[in-house]
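Residue numbers (our numbering): 566 to 667.
I have placed the structure first, in the form of structure tokens, so that the comments after it can refer back to it.
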Ligand code: FES
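Put into structure tokens, the structure is as follows:
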């Protein structure tokens, strides 16, 4: 599955500044999905822009984890990036990275 911004409707896309020049688009994996995003965008922002808001399971299955603060404080965006735990809001996306739930 390829998750492309132009194929998905998201609030984040609606909020982007029209006409702004962005870096080249790269692809990376999130689970089984291939995600396209501008290189250097934060991983959390790239996932949100593609409509992926559920980043992991909480202790209560009815309350999944999602990015909350977007500035490295809450730890709700914890994922594995190339096998290492990382806060998605602080990691810039780069080509070929492999991301899985923590
Ligand atoms: S969203 Fe809070 S630490 Fe990443």
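All residues carry an ideal CB built from backbone N, CA and C; glycine is no exception.
Distance cut-off 7 Å: residue i Cβ against heavy atoms of the ligand FES
i	result
residue 656	no
residue 646	no
residue 615	no
residue 638	yes
residue 662	no
residue 609	yes
residue 650	no
Whole-angstrom distance between residue j and residue i, CA atom to CA atom
i	j	result
residue 654	residue 664	13 Å
residue 620	residue 609	9 Å
residue 636	residue 607	10 Å
residue 596	residue 611	14 Å
Burial state of residue i, where buried means 16 or more other Cβ atoms lie within 10 Å
i	result
residue 630	buried
residue 652	buried
residue 617	buried
residue 660	exposed
Complete beta strand (DSSP E) runs within the segment 582 to 651 (minimum length 3 residues, chain order): Complete beta strand (DSSP E) runs here, min 3: 590 to 595, 598 to 603 and 643 to 646.
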